[in-house]
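Chains as they are written, first to last, in my numbering: chain A, 5 to 333; chain B, 3 to 340.
All C-beta atoms, glycine included, are put in the ideal place defined by N, C-alpha and C.
Everything numeric in this text was worked out from a predicted model, so none of it was measured.
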Amino acid sequence: MLMEVKALSTEFKLKRGTVRAVDDISFTIDEGEILAIVGESGSGKSVTALSIMGLLQNPGRIAGGEILFKSQDLNKLSQKELQKIRGNRISMIFQEPMTSLNPVWRIKDQIMESIMTHMKVSQKEALARTIEMLDTVGIPSPAERANDYPHQMSGGMRQRVMTAMALSCGPDLLIADEPTTALDVTIQAQILELLYRMREKFGMAVLLITHDLGVVSEAADRVIVMYCGKIVEEADVKSLFARPLHPYTVGLLQSIPQIDDESDEPLYMIKGMVPNPLRMPRGCPFSDRCDRCLERCSQEMPKLQDVDGHKVRCFLYDVVSEGGHAQNE
Amino acid sequence: MLNYILKRILMLIPVLIGVSIIVFLIMRVFSPDPAPIVLGQHATQLATEAWRQANGLNDPVYLQYFNFITGALTGDLGTSYYTKMPVSKEIFARFPATIELALVAIVLASFFGILIGVISAVKKNSIFDNIGMLIALIGVSMPIFWLGILLIILFSGTLHWLPSNGRIDPMLQPVAVTGFYMIDSLIAGDMDAFTDTLQHLVLPATALAMYSMAIITRMTRSSMLDTLQQDYIRTARAKGISEGRVIRKHALRNGLIPIVTVIGLLLGSLLGGAVLTETVFSWPGIGAYTVTCILKSDFPVVQGVVLLIATIFVMVNLIVDVIYAFLDPRIKYSKVKG
Ligand SMILES: Nc1ncnc2c1ncn2[C@@H]1O[C@H](COP(=O)(O)OP(=O)(O)OP(=O)(O)O)[C@@H](O)[C@H]1O
Ligand code: SF4
Ligand SMILES: [Mg+2]
């Protein structure tokens, strides 16, 4: 097991109150595995990633839990010790390719900085490795493009550069936070293809964050569905698509556009909106949007429990367990 | 880039023509007739007429302007009505004092302004930030002449640490080569003169720098705060480089780009002559002198000075733009049309 996140909670202390953007989440990532985290905007995906990276900015802070990376709790490390891991053993690609590169640095310098921070190599070797990485991520004539500034490249190209930078030190874990969201559909597919290819080539584990379940079906091994900072369902990708349990997952799946869909019916959308993080419903966070809401749903918080190889947080399956399935938490 | 610079220098011509026409007209419309001031109240009609004729003031205005501008093109700005000295000599006698003071002031202002601004941004809401912003607030709101007088009372009057008057002890005055005493005294190899020059510069430069420093501090702080929020700063942190390096190598370069413009504009205005500072510190610069010339209707001097200052202002702006293009690769001036 490469990483084990245990009961992680992250809070933002604001003037109007405290937002618990990540609430008691636990999961594991195996070596070489692609784990996807899916959820609508605001469900706490990026905050989870930033917590792992130790990149939370004020007023955000980890309120509790452990982030065990190769059995070492990252949350207990000093910034200095974390810096040795960041960009080296764990690296990250961000949601915004257009703005994530320094506009006044040549891209080769940005990648070389990463390499020279973590590897004992000469300038020349770092440059050679940079060009090799640019080539690997599919940038044509990499030796010339290495001299470009970010503004001379398209969004897709910049995301490739980010990927090259993130992979330049051969990380064990790559966190890709919605790497395709800001890109054209065709480019999105290319970048996903690239991530997949990189995993094959370098064998690193990938934490793939997305709000698009369509992306997940193609790339991931296992999926975590997040809602309002909580894990509501977790399963391997086949079984999640074959038999989604949580009403929220069902809603997400129904709202994926089907290419072969001939009917003129408008695309399904989950009704309502993500609740304001400062005014969460009392019971199940999904209760005000759920089609199958029970009476107790708005009173109590359901627990995450094992059901048919999934983990799911919903009272509907509590009923099943009472009906004899003998499910323990 | 070279093309761009050439274009900008060519654009100087219409600017200067416009500026010269405006001063020319303003002086002739709003200034009192120079003849009685130059010759005295009791000059005869005849003498006045003769003086006007001799100084070309009886010509039609367009002809006067034509004569002025053709003269200016050959480097002849005319002679002062009072001293009868060539205007260029009058300017050269005073302008270096203004430039020297302005440069020292802008260096002080930039150094401290950027330093305080950056630290305030990095340590936002800390005690340092609060004190820094208080200093900046005082800096923008305190009138320069008042600050000047306070400095004189304290450091010159009470403590006797620093001189408050003029550019140098007259006994030590170096031979004028450049007109910049810091340079001239070094050329002469006279360390006493050099130190004395520096001592004379401290108080007026501080008074003059205060406002610019306050502006630079505020702009630096807000620009750095904005830069530190940018996605590429997060990327830099994600690389695992130290926070110090993130700030020095990634944030500073980006955050200071807009500050270059601010410094350029402030320098431009300081070079125009700091009238109040020069008056308070009896600084023999161009600002206070020009004001006297305006009041005395010394047309040739005023026209010459304004033309020179306009040129310098435009040149400083050009230099700023060139530096800007150098700092920010996104700007390609060759593609900007004239
Ligand atoms: N800097 C911040 N200050 C205050 N609250 C924040 C901050 N960043 C995140 N949050 C809170 O955390 C919640 C989760 O944000 P997060 O960025 O993790 O969402 P996300 O799942 O990544 O969404 P998206 O798909 O839009 O990227 C937000 O709804 C917000 O309430
Ligand atoms: S617990 Fe209730 S409200 Fe929440 S998802 Fe399940 S059925 Fe819906
Ligand atoms: Mg996000």
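Residue ranges of uninterrupted alpha helix (DSSP H) with 4 or more members, entirely inside the segment 225-258 of chain A and ordered along the chain, are 241-246, 251-258.
Taking C-beta atoms under 8 Å as the contact rule, L278 (chain B) and F147 (chain B) qualify, at a distance of about 4 Å. Ranked by Cα distance from E280 (chain B), the first of B:I118, B:V264, B:F315, B:S166 is B:S166. Residue nearest to V204 (chain B) within the set B:S224, B:G168, B:Q231 is B:G168 (criterion: CA-CA distance).
Spanning the alpha carbons of G119 (chain B) and L268 (chain B) requires a straight line of approximately 16 Å. With fewer than 16 other Cβ atoms inside 10 Å of its own Cβ, P144 (chain A) counts as exposed. Taken in chain order, the complete alpha helix (DSSP H) segments of 4 or more residues contained in the segment 88-130 of chain A are 111-122.
In this structure P261 (chain A) is exposed. Its beta-carbon is surrounded by fewer than 16 other beta-carbon atoms within 10 angstroms. In this structure, A239 (chain A) and G313 (chain A) form a Cβ contact; the two beta carbons are roughly 7 Å apart against a cut-off of 8 Å.
At a cut-off of 8 Å between beta carbons, P146 (chain A) makes no contact with chain B. Contact between the segment 101-112 of chain A and the segment 74-86 of chain A is not established, with fewer than three Cβ pairs separated by less than 8 Å. For G306 (chain B) against L48 (chain B), the beta-carbon gap comes to about 29 Å, at or over 8 Å, which does not count as contact. Residue state for E182 (chain A) is assigned as coil, using DSSP reduced to three classes. With its beta carbon less than 8 Å from one in chain B, S95 (chain A) belongs to the interface. At the C-beta level, V17 (chain B) and A209 (chain B) stay beyond 8 Å of one another. For A170 (chain A), the closest alpha carbon among the candidates A:P285, A:M284, A:V210 is that of A:V210. In the DSSP assignment, M135 (chain B) falls within the alpha helix (DSSP H) that extends over 129-143. Taking the CA atoms as reference points, T167 (chain A) sits about 37 Å from C318 (chain A). If you draw a straight line from the Cα of D131 (chain B) to the Cα of V124 (chain B), it is about 9 Å long.
Inclusion of M96 (chain A) and M57 (chain A) in the CB contact set at 8 Å is warranted, their separation being smaller than that value.
Looking from the CA of V25 (chain B), the closest CA among B:P286, B:I151, B:I325, B:V304 belongs to B:V304. Among the residues facing chain A, S244 (chain B) is included, as its CB has a counterpart in that chain under 8 Å away. For V311 (chain A), the enclosing beta strand (DSSP E) begins and ends at 308-311. Judged by DSSP secondary structure, I191 (chain A) falls within the alpha helix (DSSP H) whose first and last residues are 189-206.
For L12 (chain A) and G91 (chain A), the gap between their C-alpha atoms comes out near 22 Å. Under the DSSP assignment, D27 (chain A) falls in the beta strand (DSSP E) whose first and last residues are 21-33. Contact annotation for D228 (chain B) against chain A: no contact, minimum CB-CB distance about 13 Å [criterion: below 9 Å].
When the alpha-carbon of V322 (chain B) is set against those of B:A104, B:P260, B:L310, the nearest one is in B:P260.
An exposed status is given to E35 (chain A), since fewer than 16 other beta-carbon atoms sit within 10 Å of its beta-carbon. At least one beta carbon of chain A lies nearer than 8 Å to the beta carbon of P331 (chain B).
Looking at B:V324, B:S128, B:P176, the one whose alpha-carbon comes closest to that of M193 (chain B) is B:P176.
Assignment of H252 (chain B) by DSSP, reduced to helix, strand and coil, places it in the helix class.
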